[in-house]
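Peer 1: Before we start, here is the structure in question, set down as structure tokens.
Numbering (the UniProt record's numbering), first residue to last: 1 to 188.
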């Protein structure tokens, strides 16, 4: 237990949280096994703290509206695909995806909004354990890159063996900027 809690302590690397540490902490806190019995604990902690992002700073950030009101985040991974969480897509028949905007309530110049009718959910997704919580949304038409819309920058093939341990990472999404303060309804 001490190694898990030591590993999950807040770590600051040049102002960014180390994503590999956060991922390990989330995985360890969700599923535990004791005497052959698997139990699932949904953590109440979240990544909180940050600031409103300047438009264009995170051009791959997608706003995904599920049905008519619920929302999730996503990442543009190519000009035709958005990566999101399976728990966001499960049981939903209509998705509205907005790219190139930091506003949840109004279209900004150069933003793109598309309505989609289906998602590809990972075949191994398990809502009880949150295993393989990943889904793809195929855009109805490809989007052009701009100052405000661009696919997420992924490591190149030459970096495939790099673990990126100790490297900085930026986490983005819609939610709180402190433990008691939500973002304005319009901002991410």
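Beta carbons are placed, not taken as given, at the ideal position from N, Cα and C, and that holds for glycine.
Note that the structure is a prediction, hence the values are computed from the model and not measured.
To the nearest angstrom, how far is the alpha carbon of residue 138 from that of residue 151?
Peer 2: Their backbone Cα atoms lie some 14 Å apart in a straight line.
Peer 1: Taking DSSP as the reference, what is the three-state secondary structure of residue 189?
Peer 2: The structure shown does not extend to residue 189, since the chain is modelled only from 1 to 188, so the question has no answer here.
Peer 1: With DSSP collapsed to three states, give me the class of residue 75.
Peer 2: Correct three-state label for residue 75: strand.
Peer 1: Exposed or buried, which one is residue 223 when buried takes at least 16 other CB atoms within 10 Å?
Peer 2: Outside the shown range of the chain (1 to 188) lies residue 223, about which nothing can therefore be said.
Peer 1: Which value, in whole angstroms, describes the spacing of the CA atoms of residue 57 and residue 64?
Peer 2: When rounded, the distance between both Cα atoms is 18 Å.
Peer 1: Look up residue 128 in the DSSP assignment and say whether it is helix, strand or coil.
Peer 2: Coil at residue 128, not helix or strand.
Peer 1: For residue 135, name the three-state secondary structure that DSSP assigns.
Peer 2: Three-state result, residue 135: strand.
Peer 1: Identify which residue in 77, 157, 103, 124 has its Cα closest to the Cα of residue 143.
Peer 2: Checked all of 77, 157, 103, 124; the closest Cα to residue 143 is 77.
Peer 1: Classify residue 169 as helix, strand or coil using the three-state DSSP reduction.
Peer 2: Residue state, collapsed to three classes: coil.
Peer 1: Taking the Cβ atom as the reference point for each residue, do residue 121 and residue 83 lie within a distance shorter than 9 Å?
Peer 2: Contact: no.
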